[in-house]
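Number of protein chains: 4
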Amino acid sequence: MSDDWTTERMRRIFDEVKNWGRWGEEDEMGALNLITGEKCAEAARTVVSGETVSCARELAVVPSPENPNPALHMMLRAGDDCLVPGVNFETTGDFVGVAFHGMATSHIDALCHVFVDGLMYNGFSKGEVKSTGARRGSIMCARDGIVSRGVLLDVPRMQGVSWLEPGTSITIEDLERTEAAQDVRVGEGDILLVGTGRDARREEYGPWSPGEVGLAGLHPECIAWLRDREVAVLGSDGVSDVLPSMGIPDWFMPIHQCALVALGVHLLDNLRLDRLAEACARSGRWAFQFTVAPLRVNMATGSPVNPIAVL
Amino acid sequence: MSDDWTTERMRRIFDEVKNWGRWGEEDEMGALNLITGEKCAEAARTVVSGETVSCARELAVVPSPENPNPALHMMLRAGDDCLVPGVNFETTGDFVGVAFHGMATSHIDALCHVFVDGLMYNGFSKGEVKSTGARRGSIMCARDGIVSRGVLLDVPRMQGVSWLEPGTSITIEDLERTEAAQDVRVGEGDILLVGTGRDARREEYGPWSPGEVGLAGLHPECIAWLRDREVAVLGSDGVSDVLPSMGIPDWFMPIHQCALVALGVHLLDNLRLDRLAEACARSGRWAFQFTVAPLRVNMATGSPVNPIAVL
Amino acid sequence: MSDDWTTERMRRIFDEVKNWGRWGEEDEMGALNLITGEKCAEAARTVVSGETVSCARELAVVPSPENPNPALHMMLRAGDDCLVPGVNFETTGDFVGVAFHGMATSHIDALCHVFVDGLMYNGFSKGEVKSTGARRGSIMCARDGIVSRGVLLDVPRMQGVSWLEPGTSITIEDLERTEAAQDVRVGEGDILLVGTGRDARREEYGPWSPGEVGLAGLHPECIAWLRDREVAVLGSDGVSDVLPSMGIPDWFMPIHQCALVALGVHLLDNLRLDRLAEACARSGRWAFQFTVAPLRVNMATGSPVNPIAVL
Amino acid sequence: MSDDWTTERMRRIFDEVKNWGRWGEEDEMGALNLITGEKCAEAARTVVSGETVSCARELAVVPSPENPNPALHMMLRAGDDCLVPGVNFETTGDFVGVAFHGMATSHIDALCHVFVDGLMYNGFSKGEVKSTGARRGSIMCARDGIVSRGVLLDVPRMQGVSWLEPGTSITIEDLERTEAAQDVRVGEGDILLVGTGRDARREEYGPWSPGEVGLAGLHPECIAWLRDREVAVLGSDGVSDVLPSMGIPDWFMPIHQCALVALGVHLLDNLRLDRLAEACARSGRWAFQFTVAPLRVNMATGSPVNPIAVL
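Residue numbers (the numbering used here), protein chains in the order written: chain Z, 1 to 311; chain U, 1 to 311; chain A, 1 to 311; chain E, 1 to 311.
Right, dumping it as structure tokens:
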């Protein structure tokens, strides 16, 4: 990191991009407000072939360096004992459980997932997030789904590589050169997906520890750019932040801190973007209808999701 | 029930509507095959206002007569202790777990959820569903999402009542009169949603036990109709079947047994359809783009979902 | 309830019996301090026949009026798929999960389970119990097990009935008459088990809702008696408190509030005492060695347990 | 491994030590039958000081190389929101969940945990262990607790080392020399605990992967010795077996396979024995009363436990 990136500079950026109050004192939707009905309808009109592509990874039930707290998938009743006693009805069932934050599960972060100085988006206090659930900033603001235009910027493809090395910072220039290469422009209300090639690297080397080895992500200079472009939601095959942390004191994950808290921009972490990139490349179109449907979990800090692109 | 509805008659229907082999011996998608790219693109074109409406209930964490096995939502870290040790980063997190089948959670049934005579859709053996997960017929066939035209048939509205009483059988005539009243026709590849007014009744009386008090659902005569209309997916605010069971021996839940096993039609149970009905009534349109995005849980018998209608 | 039982009177009792500071300002063991090595050794000497009797109910995985949040027991691998891939090793496994507080699971309450005016035993603040776990008053104070003399007072047997009706208050006189009938005297460091016949009643009528129908328990006048007798731990087949609550404002569960908070007496709830009563009656001895071995869960508010009496 | 240890030799040992039928065709207790009331009473008489020592590790909620599937401990209600709505009652609660088998949780293996050639102890079929629970060989045979004389053999102490290196095989000679050094003799109905110094090594180097780095355990020649001595239960700070496996084809974990299946000897895995060893050394006595109280989980393959030694 350049020495220019100080705590003070981050604080200045944080203050400058803040959307607090922009949509009212009680607002909990943040930049989702940018997805108007018109924007959503416009997104539907981008559909051409009707091909659908999931941007989620399989639920991460297998422990690995990137998955220290595996999700639970347990059968309750299988074919060996499927007969419901009393009636001649044969059925099976299972249980799914997950602590979805972290580096392995495709999930959406609610705005209450991160605080800066004890405050979340729009100035609500951390005290609103109790041991019994979040009274403010929960994922329920997205309960009716997030449907807008998605734009995938596949940075490694633009650079002619298979993946960005862990720890790589993606700059504004990288984003704009990728826009140019893909002939697309990120605009107001868009869901921006930034590909770093994480899936390709994992396929080659197996999973690694993001904390120790790192992940490619956005340089904090991109925060102002996200604000300028009026992005509604930001997603990545990583976690949008660069890891290991750039080490700016008090700004361990500047993208998380500024996007969620200052901008009110929800984050999609640990997506799988390789299949989408391939479909986009095939079709020559990098914008598409994109749907995120969080589970309606009252007072939750986010949700596991399976975001769907329709091309 | 009329005495005409015998085990033998059900068996005959089951055999007549069977889609086994129709899309190949190895097929696990069933009637999802009816949702072609073209159908999906056509569904996107139904979008006018861009209003999105969730058809899921809140995750059912509170025990009730309809929810004997409540879902788990537990905070892992709240605002009272949000500082990650070592770095000055403030974060919160939680855990979500659910045995989603039953009568309380909005979920999709995978084709392996039910067997008839030990066989699931396309003739795969119940032995394929093991204590460690389903090798065949899992929800992963819908991993790229289900996006098609949704059609809501709001039967109580057509009848001028707020809800159908528990135990009511919806007939073909009911469905077709509702089509006529709403000026819509269910067709090939559609996701059919049948409203019974369950939410309105619960709002009035509180939750009840579907097993004891009952639910309105489709009369088994509708099975052939579902096949004729080439419905891709069937959903309801109940569980599509009438409860208490009509009592045809060996056919405890004939819609579940015939839709999942014979037709290969996935089921959406315990939806919330009152908000969608209101939006449809307001807009005068009962067809819309409909997206179901199951969690990508390998070898699962279904998934909790938050289906989204876009009008 | 007599009108004599006012908030002020309860407060006076609470203050009078308080053990705060008795074993030091930092003490978190409370009345477990009364179980000295000598006491424990003496308890071992009560063993005669070597018969062991569990005082736990089966883990309550089945929903019922007394069990609105059932425990989870799920197989991970059964006989249908037991071969560990790679080696010819056949194994099975499962998962157990439980929110053990409530009215269905045999469990021990840690001292941090209840506060009065925001304080737990020994004056520690409720703020010590965080969303990430209890820093003070956790069950880890009993991590080396609780082994002492147990005394069962089988109140309905003394009264010549099969059970006490829900809502019955057990008085000091009841306790002492039972002592006399059983020729036993509760003393310093003892684990006192009070039987109310709940199991017999459940066997007769099936489970009921303790909140609505009630449970027999100790009248708050017994609190001073528990202090006089220097009881170390208190257990019951109910929850020691009378339900429905006697309705003293601010003292919803006076036994829980005074035992855990004032006395530092751990509570054992929802035990199964019928088998033990039978064994005691058979042997003519109502005192025995009693072992409670909480799971070593760091920062937990208690633990599911299977307490064992050795006669 | 010596080449003498062939599949055939293991099979011969397995057949020679088999206790099948010894306690009846329907028996599910296995060697627990050796713990008679008399034996249990005798164990109580070994108590001198009344010191209690837990032999369990803390519930392993933190991921590590030995703990790829961490246990769950989640607060349901903490001090920040402890007031039960409606009544002025302040309470906290939590949830505990664990897949207890593996290399991190102190647990007991039920006899149904392992099969040889599809059969468990006493010849019951693997088919008895269904996706819905174990019909035979479950931990419920120990529902009234296991209370007997415990004997700790601290092998590294006898050898003058802090721990045995991972992969070390403990021989009959090692066991008998330790007996001699400690002046104790393992006999009928005893619970044998074999210390390998795993805790000391972990304290020094941190946790390691037992699968990759290994664990010290009993050489398969000890199986006949366990039978000769009529051991009732076998425990270890490791998993009793040597890891990595000695590599005898079809006998991946010969101690597990012969103890559980042939002998009907329950196993206690991942105990913490360092504190007990210290207490024994201090008191000069290596035999003590030992209590294992499995949770009463119907149809379970074992249970997390906190075994308690009383000296």
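No residue lacks a Cβ here, since even glycine has one placed at the ideal position from N, Cα and C.
Selection from the options that minimises the alpha carbon distance to residue i
i, options, result
"A:E8", "A:A277, A:N306, A:P254, A:A279", "A:P254"
"E:D228", "E:I308, E:W5, E:K18", "E:K18"
"A:R157", "A:I35, A:L76, A:H73, A:W286", "A:W286"
"E:H219", "E:G211, E:G197, E:V242", "E:V242"
"Z:N88", "U:F89, U:V114, U:I108", "U:V114"
For residue j and residue i, the rounded distance between their alpha carbons
i, j, result
"U:R149", "U:L273", "16 Å"
"A:A31", "A:L111", "10 Å"
"E:E26", "E:F124", "9 Å"
"Z:G214", "Z:S169", "11 Å"
"U:G187", "Z:V186", "37 Å"
"U:H256", "U:A180", "26 Å"
"E:E42", "Z:M74", "43 Å"
"A:L311", "A:S49", "6 Å"
"E:G326", "A:P244", "Absent from the model: residue 326 of chain E. The displayed extent of chain E is 1 to 311, so no value can be given."
"E:L76", "Z:L276", "39 Å"
"Z:Q289", "Z:T105", "22 Å"
"A:E278", "A:C55", "12 Å"
"U:E204", "Z:V116", "43 Å"
"A:T91", "E:L260", "11 Å"
"E:D154", "E:D250", "30 Å"
"Z:G93", "A:R198", "34 Å"
"Z:L72", "Z:G97", "5 Å"
"E:P70", "U:G133", "21 Å"
"A:E173", "A:R22", "28 Å"
"A:K130", "A:G137", "12 Å"
"U:P304", "U:F100", "6 Å"
Three-state secondary structure (DSSP) of residue i
i, result
"Z:P294", "coil"
"Z:H73", "strand"
"A:P230", "Reading off the sequence, residue 230 of chain A comes out as Glu, not Pro. The answer is coil: DSSP assigns A:E230 none of H, G, I, E or B."
"Z:P156", "helix"
"A:H219", "coil"
"A:H113", "helix"
"E:N67", "strand"
"Z:D4", "coil"
"E:G118", "coil"
"U:R12", "helix"
"Z:G187", "coil"
"A:G133", "strand"
"U:V330", "The requested residue 330 of chain U is not part of the displayed model; chain U covers only 1 to 311."
is_contact[residue i, chain A] using C-beta, thresh 8 Å
i, result
"Z:F95", "yes"
"E:E128", "yes"
"E:M1", "Confidence at E:M1 is low in this model, with a pLDDT of 47, below 50, so its placement is unreliable and the value that follows should be read with caution. So, not an interface residue."
Proximity test, Cβ basis, 8 Å: residue i and chain Z
i, result
"U:P304", "yes"
Check: residue i C-beta below 7 Å from any heavy atom of the ligand MG
i, result
"Z:E176", "Annotation note on the ligand MG: not contained in the displayed structure, which lists no ligands."
Below-8 Å beta-carbon distance, residue i vs any chain U residue
i, result
"E:M75", "yes"
"E:S131", "yes"
"Z:A259", "no"
Residue-chain proximity (residue i, chain E), Cβ-Cβ < 8 Å
i, result
"Z:A78", "yes"
"U:S64", "no"
"U:S138", "no"
"Z:A168", "It is Thr, not Ala, that sits at residue 168 of chain Z in the sequence shown. It does not: the Cβ of Z:T168 has no partner Cβ on chain E nearer than 8 Å."
"Z:T91", "no"
"A:R198", "no"
- Hey, which unbroken runs of the beta strand (DSSP E) at 3 residues or more fall wholly within the stretch 226 to 293 of chain Z? 233 to 236, 266 to 269, 287 to 292
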